[in-house]
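>
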Amino acid sequence: MSDVRETEVEDKIAAVQHQGIWDCTLCNECVPVCPVGIAPKQDIVMLRNKSGVMGYMDPSFSSNFGDDGTPSFGGPAF
Ligand code: SF4
Numbered sequence: 170m171s172d173v174r175e176t177e178v179e180d181k182i183a184a185v186q187h188q189g190i191w192d193c194t195l196c197n198e199c200v201p202v203c204p205v206g207i208a209p210k211q212d213i214v215m216l217r218n219k220s221g222v223m224g225y226m227d228p229s230f231s232s233n234f235g236d237d238g239t240p241s242f243g244g245p246a247f
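Our numbering numbers the first residue of the sequence shown as 170 and each following residue consecutively.
1) Kindly indicate which residue of Pro201, Ala184 and Thr176 has the alpha-carbon position closest to the one of Arg217.
2) Buried or exposed for Val182, please, with buried defined as at least 16 other CB atoms from any protein chain shown within 10 angstroms of its CB.
3) For Cys193 and Gln211, what's the separation of their Cα atoms in angstroms?
4) Please report the residue range of the alpha helix (DSSP H) in which Ala184 lies.
5) Taking Asp180 as the reference, which of Ser220, Asp237 and Gly206 has the closest Cα?
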C-alpha cells in the first residue's frame, strides 16, 4: 500500500475490509515476536488509516449509525 508503484490500492483496501484489520485489538503482541521484524501492528494501523481515508469504517463502529448516518449510542431516544 505504501509503494508508489502500487496501482491497485483501491482493490486491495477493499479486500482487507473483511480479512482481519478491524478484528485486531492493537495489543502489540505480534510486534516483539515477529520472526522477520515487520511490525504487523503498524501495518494494520496503516491499512486502517488508508481505509478511513477511502471512506471505510470499523464495522463494529458503523453499526452504531442509522441508515441516515445518525449516530445511535444504544440508549433510549429522548
Ligand atoms: S495482529 Fe498483533 S496487534 Fe493485532 S490483535 Fe493480533 S497480536 Fe494484537
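Even glycine gets a Cβ: it sits at the ideal position worked out from N, Cα and C.
On the basis of the data shown:
1) Ala184
2) The residue asked about is misnamed: residue 182 is Ile in this sequence, not Val. That one is buried.
3) 11 angstroms
4) Val178 to Val185
5) Ser220
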